[in-house]
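Novice: Keeping their order, the protein sequence lines are chains B and R. Read the first sequence against the working numbering and you will find it ends at 281, with the numbers running on by one and no gaps. Read the second sequence against the working numbering and you will find it ends at 562, with the numbers running on by one and no gaps.
There are 2 protein chains.
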Amino acid sequence: MAQQGLAGIRSHYPRLSDKEKKIADFILKQPETIVHQTISQVADHLDVADATVSRFCKRIGYKGYQALKIALAPEIIAPNEMLHEDITDSDDAKMVAEKIFQSNIRTLENTLQVLGENELEQAADLLLRANRVEFYGFGGSNAVAMDAYHKFVRSGVPAFAFPDAHLQLMSASQLSNKDVAFIFSHSGASKDAYQLLQTVKKSGAKTIAITGFPKSPIGQQVDVALHTSSEETAYRSEALASRIAQLSIIDALYVTVIMRQKDKAQASVEKVRNAIAATKM
Amino acid sequence: MAQQGLAGIRSHYPRLSDKEKKIADFILKQPETIVHQTISQVADHLDVADATVSRFCKRIGYKGYQALKIALAPEIIAPNEMLHEDITDSDDAKMVAEKIFQSNIRTLENTLQVLGENELEQAADLLLRANRVEFYGFGGSNAVAMDAYHKFVRSGVPAFAFPDAHLQLMSASQLSNKDVAFIFSHSGASKDAYQLLQTVKKSGAKTIAITGFPKSPIGQQVDVALHTSSEETAYRSEALASRIAQLSIIDALYVTVIMRQKDKAQASVEKVRNAIAATKM
DNA sequence: TTGCAATATGAAAATTATTTTCTTATTATG
DNA sequence: CATAATAAGAAAATAATTTTCATATTGCAA
Chain B
1 MAQQGLAGIR SHYPRLSDKE KKIADFILKQ PETIVHQTIS QVADHLDVAD
51 ATVSRFCKRI GYKGYQALKI ALAPEIIAPN EMLHEDITDS DDAKMVAEKI
101 FQSNIRTLEN TLQVLGENEL EQAADLLLRA NRVEFYGFGG SNAVAMDAYH
151 KFVRSGVPAF AFPDAHLQLM SASQLSNKDV AFIFSHSGAS KDAYQLLQTV
201 KKSGAKTIAI TGFPKSPIGQ QVDVALHTSS EETAYRSEAL ASRIAQLSII
251 DALYVTVIMR QKDKAQASVE KVRNAIAATK M
Chain R
282 MAQQGLAGIR SHYPRLSDKE KKIADFILKQ PETIVHQTIS QVADHLDVAD
332 ATVSRFCKRI GYKGYQALKI ALAPEIIAPN EMLHEDITDS DDAKMVAEKI
382 FQSNIRTLEN TLQVLGENEL EQAADLLLRA NRVEFYGFGG SNAVAMDAYH
432 KFVRSGVPAF AFPDAHLQLM SASQLSNKDV AFIFSHSGAS KDAYQLLQTV
482 KKSGAKTIAI TGFPKSPIGQ QVDVALHTSS EETAYRSEAL ASRIAQLSII
532 DALYVTVIMR QKDKAQASVE KVRNAIAATK M
């Protein structure tokens, strides 16, 4: 059974006709609208015949328009059970964990929605073409930068990160226009990170940032800005919550980079594996 | 708007007529069947008129039968037919990101399932009663330990972590039986981490670990072991994937600890906030 | 107990929605 | 250029849903 909701529409896409692609685009772009619309409303909106929409549904594997709507609903409407319950003092440790985990899942879902397709491609492209990639973060964001380094060092891309604020600044001043600086700053308003960004821009290196605030000083000045969306819960700030999203973005970029330079990365991953093998029992 | 799917039907139940209750019973008992049935099929099955079913839908707050079906679908069809699609070479960067994010969401769901309620309470208890808490991790796990430190330093619990492997070992040798050592090791088989654990145990300090392998040397020797469950995808190992889960467990413990010593932690969070305020623009 | 008003229900009618069929247009291939 | 295959729209056919009308049932007050 090859019916797969939105993913199914995407996988059929290359084989669709022009009109069918138009229908698919509409659904993929705004799935929440069609679920409550008649086939005639959809057809009118797209200037196609009702029959064309009906045939589209059959083409991608459903019995008809009704069956498509039912299949799409779960991807569009959040199940009611996942209520956003805040943490209360009477919660035991497992209940706290459940709520935190649910909140982190929502952070991932929301971040995936605001993540720009163009920005992702641009960032991957910059990383792939860089002579040197340096990851920077101040305060709590430094742990994310170090984590990014641990991943990218396996990719064959020459990657670096520094646990010390001073070292970060010094190294940034040595970059050239063939290099990429990757900055983590949730607020986009950290003085240290901003100052480092000015240093980097003087060197001519390209800049990428992951931030929760697109309109922030850093968010506006980098070449490519990737955005997170996280929520504040009782006892835990938004910045702490955004770690998960930042790390997931790095994961995605890391995998994209590895995939696109497969042979070179394979050799590099192998070298790292051999190098750390002796540290395991 | 008081429409709430199955829960909404339940909350209206006491006010329904006999026939309406019959319809509600059928839906509550077998919601998966009605979603793909016409109103006439349902009415015939229950020996009621089509009109009665239609009126029932309006009675509980929907525009009609179609709207009810759409609203119920998310509670019936696995919220994610969230196919476990592996990453392929033809994926663009956004598709890679979607698959990675979905994988991370599954990691959180799975980890929440295997997380032991007792172990969580024991870990929180140890952290709350500790004179000193030190977080340790080698290689990529060190970034997780540093992240944990950045969170716990706000809690009022005296917390420490070290970016240097050597410093970790030296500090571990100075612990006492009033202290807690918290170790991150995905495999539970890292030589460095195991050696450090032996040092810690000699000092009499209590030990907590987060590991993906409960039966590992480290997993079996610590006082409290918390487990992650993560999956391997193309181009990304299980260990890299487990970062998200480890961080979420730390989040949960951090919030639990803060919550249980509210006044003391509040003051501490405030102090940290003031201390870093000057680093923001 | 009876009468009346309110509510529930089914059947039929009306309306809406969807699917299929027929015809024409378009495209690709030899 | 001719032909076959495919795509698309309009109309017809079919299916599904909702509303209306008539009747039955229930509850309450006198």
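Glycine included, every Cβ here is placed at the ideal spot set by N, Cα and C. Predicted model only: the values in this text are computed from it and were never measured.
Would the region 127-137 of chain B count as touching the region 172-179 of chain B if we require 3 or more Cβ pairs under 8 Å?
Specialist: The answer is yes - the region 172-179 of chain B touches the region 127-137 of chain B, with three or more Cβ pairs under 8 Å.
Novice: In chain order, what residues of the same chain lie with their CB nearer than 8 Å to the CB of ASN385/R, ignoring the 5 residues before and after it?
Specialist: Counted from its first residue, the second sequence places residue 385/R at position 104. Answer for ASN385/R: ALA522, ILE525, listed in chain order.
Novice: Quick one: is PRO163/B near chain R, going by C-beta distance under 8 Å?
Specialist: Here the question's residue 163/B lines up with position 163 in the first sequence. Cβ-Cβ to chain R under 8 Å: yes for PRO163/B.
Novice: Please say whether MET146/B and MET427/R have beta carbons closer to each other than 8 Å?
Specialist: One-based indexing of the second sequence puts residue 427/R at position 146. One-based indexing of the first sequence puts residue 146/B at position 146. Their beta carbons are under 8 Å apart, which means MET427/R touches MET146/B by this criterion.
Novice: What residues of chain R sit near ASP50/B, judged by a beta carbon separation below 8 Å?
Specialist: Position 50 of the first sequence, counting from 1, holds the residue named residue 50/B. Result: empty, since nearest Cβ-Cβ is about 17 Å, beyond 8 Å.
Novice: Taking a contact to mean a Cβ-Cβ separation below 8 Å, would you say LYS552/R touches SER190/B in this structure?
Specialist: As a first step, residue 552/R must be located in the second sequence, where it is residue number 271. As a first step, residue 190/B must be located in the first sequence, where it is residue number 190. Result no, Cβ atoms of LYS552/R and SER190/B do not sit closer than 8 Å.
Novice: Can you say whether ARG236/B is buried or exposed, counting buried as having 16 or more other CB atoms within 10 angstroms of its CB?
Specialist: Walking along the first sequence from the start, residue 236/B turns up at place 236. Result: buried.
Novice: Using the Cα positions of ASP92/B and ILE489/R, report the straight-line distance between them to the nearest angstrom.
Specialist: One-based indexing of the first sequence puts residue 92/B at position 92. One-based indexing of the second sequence puts residue 489/R at position 208. Distance between the alpha carbons of ASP92/B and ILE489/R is about 19 Å.
Novice: Look at TYR417/R and ILE491/R and say whether their C-beta atoms are less than 8 Å apart.
Specialist: Residue numbering aside, residue 417/R sits at position 136 when the second sequence is read from its first letter. Residue numbering aside, residue 491/R sits at position 210 when the second sequence is read from its first letter. The answer is no: Cβ separation not under 8 Å.
Novice: Output the boundary residues of the alpha helix (DSSP H) element that contains PHE101/B.
Specialist: Indexing the first sequence from 1 puts residue 101/B at position 101. It spans 93-114 - the alpha helix (DSSP H) in which PHE101/B sits, taken as one unbroken run.
Novice: Tell me, to the nearest whole angstrom, how far the beta carbon of SER155/B is from that of TYR254/B; I am working on the premise that it is less than 8 Å.
Specialist: Translated into the one-based positions of the first sequence, residue 155/B becomes position 155. Translated into the one-based positions of the first sequence, residue 254/B becomes position 254. Their Cβ separation, rounded to whole angstroms, is 6 Å, which keeps SER155/B and TYR254/B in contact under 8 Å.
Novice: Would you report the Cα separation of ALA73/B and VAL334/R, rounded to the nearest angstrom?
Specialist: Taking the first sequence and counting its residues from 1, one reaches residue 73/B at position 73. Taking the second sequence and counting its residues from 1, one reaches residue 334/R at position 53. About 22 Å.
Novice: Which two residues bound the contiguous alpha helix (DSSP H) that contains GLU231/B?
Specialist: Counting from one through the first sequence, the residue named residue 231/B turns up at place 231. From DSSP, GLU231/B is part of no alpha helix (DSSP H); its letter is neither H nor E.
Novice: Have a look at ASN555/R and VAL538/R and give me their C-alpha separation to the nearest angstrom.
Specialist: Locating residue 555/R in the second sequence gives position 274, counting from the first residue. Locating residue 538/R in the second sequence gives position 257, counting from the first residue. The alpha-carbon atoms of ASN555/R and VAL538/R are separated by roughly 21 Å.
Novice: Considering Cα atoms alone, identify which of HIS431/R, VAL503/R, GLN547/R, ASP370/R is closest to LEU407/R.
Specialist: Taking the first residue of the second sequence as 1, we reach residue 407/R at position 126. Ranking the options by Cα distance to LEU407/R, first place goes to VAL503/R.
Novice: Looking only at its own chain, which residues have a Cβ that is under 8 Å from the Cβ of LYS545/R, when we skip the five neighbours before and after it?
Specialist: As a first step, residue 545/R is located in the second sequence; it is residue number 264 there, counting from the start. Excluding sequence neighbours, LYS545/R sits near GLY437.
Novice: Roughly how many angstroms separate the alpha carbons of THR228/B and THR111/B, rounded to a whole number?
Specialist: Counting from one through the first sequence, the residue named residue 228/B turns up at place 228. Counting from one through the first sequence, the residue named residue 111/B turns up at place 111. Between THR228/B and THR111/B, the C-alpha separation is close to 5 Å.
Novice: Where does the unbroken beta strand (DSSP E) through ASP179/B begin, and where does it stop?
Specialist: Here residue 179/B corresponds to residue number 179 of the first sequence, with the count starting at 1. Start and end: 179-184.
Novice: I need the boundaries of the beta strand (DSSP E) containing VAL414/R, first residue and last residue.
Specialist: Along the second sequence, read from residue 1 onward, the residue named residue 414/R stands at position 133. It spans 413-418 - the beta strand (DSSP E) in which VAL414/R sits, taken as one unbroken run.
Novice: For the beta strand (DSSP E) containing LYS487/R, list its first residue and its last residue.
Specialist: By one-based count along the second sequence, residue 487/R stands at place 206. It spans 487-492 - the beta strand (DSSP E) in which LYS487/R sits, taken as one unbroken run.
Novice: Pick helix, strand or coil for ALA442/R, following the three-state DSSP scheme.
Specialist: Here residue 442/R is taken as the residue at index 161 of the second sequence, counted from 1. Residue state, collapsed to three classes: strand.
Novice: Could you check the C-alpha separation between LEU83/B and GLU109/B for me, to the nearest Å?
Specialist: Counting from one through the first sequence, the residue named residue 83/B turns up at place 83. Counting from one through the first sequence, the residue named residue 109/B turns up at place 109. Because LEU83/B sits at a pLDDT of 49, beneath the cut-off of 50, its placement in the model cannot be relied upon, and the point is left open.
Novice: Using CA atoms only, rank isn't needed, just tell me which of TYR194/B, GLN266/B, LYS206/B is closest to SER216/B.
Specialist: For the purposes of this step, residue 216/B is identified with residue 216 of the first sequence, where counting begins at 1. Of the candidates TYR194/B, GLN266/B, LYS206/B, the one whose C-alpha sits nearest the C-alpha of SER216/B is TYR194/B.
Novice: Going straight from the alpha carbon of GLN198/B to that of SER171/B, what length do you get?
Specialist: Indexing the first sequence from 1 puts residue 198/B at position 198. Indexing the first sequence from 1 puts residue 171/B at position 171. Computed Cα separation, rounded: 13 Å.
Novice: How is the alpha helix (DSSP H) around PRO312/R delimited, first residue to last?
Specialist: The residue labelled residue 312/R in the question sits at position 31 within the second sequence. Segment 312-315, the alpha helix (DSSP H) holding PRO312/R.
Novice: Cβ closer than 7 Å: which chain R residues qualify as neighbours of ASP89/B?
Specialist: Residue numbering aside, residue 89/B sits at position 89 when the first sequence is read from its first letter. Going along chain R in sequence order, the residues near ASP89/B (Cβ under 7 Å) are MET540.
Novice: Taking the straight line between their C-alpha atoms, what separation do you get for GLN322/R and PRO295/R?
Specialist: Translated into positions along the second sequence, residue 322/R becomes position 41. Translated into positions along the second sequence, residue 295/R becomes position 14. Cα to Cα, GLN322/R sits roughly 25 Å from PRO295/R.
Novice: Given that a residue counts as buried once 16 or more other Cβ atoms are within 10 Å of its Cβ, and exposed if not, what is VAL144/B?
Specialist: Residue numbering aside, residue 144/B sits at position 144 when the first sequence is read from its first letter. The residue in question, VAL144/B, is buried, as its Cβ has 16 or more Cβ neighbours within 10 Å.
Novice: I need the straight-line Cα distance from PHE494/R to ILE351/R, nearest angstrom please.
Specialist: As a position in the second sequence, residue 494/R is number 213, starting the count at 1. As a position in the second sequence, residue 351/R is number 70, starting the count at 1. PHE494/R and ILE351/R: Cα-Cα distance of roughly 42 Å.
Novice: Could you have a look at LYS496/R and say whether DSSP puts it in helix, strand or coil?
Specialist: Residue mapping note: residue 496/R aligns to position 215 of the second sequence, counting from 1. LYS496/R: coil per DSSP, three-state reduction.
Novice: Can you tell me the Cα-Cα spacing of LYS339/R and GLU313/R, whole angstroms?
Specialist: Here the question's residue 339/R lines up with position 58 in the second sequence. Here the question's residue 313/R lines up with position 32 in the second sequence. Looking at the two C-alpha atoms, the distance is approximately 20 Å.
Novice: What does HIS431/R touch in chain B if you count any residue whose Cβ is under 8 Å from its own?
Specialist: Walking along the second sequence from the start, residue 431/R turns up at place 150. Those within 8 Å of HIS431/R in chain B are GLY139, GLY140, ALA143.
Novice: Tell whether a beta-carbon distance below 8 Å holds between LEU507/R and LEU409/R.
Specialist: The sequence position of residue 507/R within the second sequence is 226, counting from 1. The sequence position of residue 409/R within the second sequence is 128, counting from 1. Contact: no.
Novice: Chain R beta carbons: is any one of them nearer than 8 Å to that of ASN104/B?
Specialist: Position 104 of the first sequence, counted from the start, is the residue given in the question as residue 104/B. Closer than 8 Å to some Cβ of chain R, the Cβ of ASN104/B qualifies, so yes.
Novice: Between the alpha carbons of ILE276/B and GLY500/R, how many angstroms are there, rounded?
Specialist: Taking the first residue of the first sequence as 1, we reach residue 276/B at position 276. Taking the first residue of the second sequence as 1, we reach residue 500/R at position 219. Near 20 Å, if we compare the C-alpha coordinates of GLY500/R and ILE276/B.
Novice: Determine the contact status of ILE39/B and TYR65/B, defining contact as a CB-CB distance below 8 Å.
Specialist: Against the first sequence, residue 39/B aligns to sequence position 39. Against the first sequence, residue 65/B aligns to sequence position 65. Cβ distance < 8 Å, so ILE39/B and TYR65/B count as in contact.
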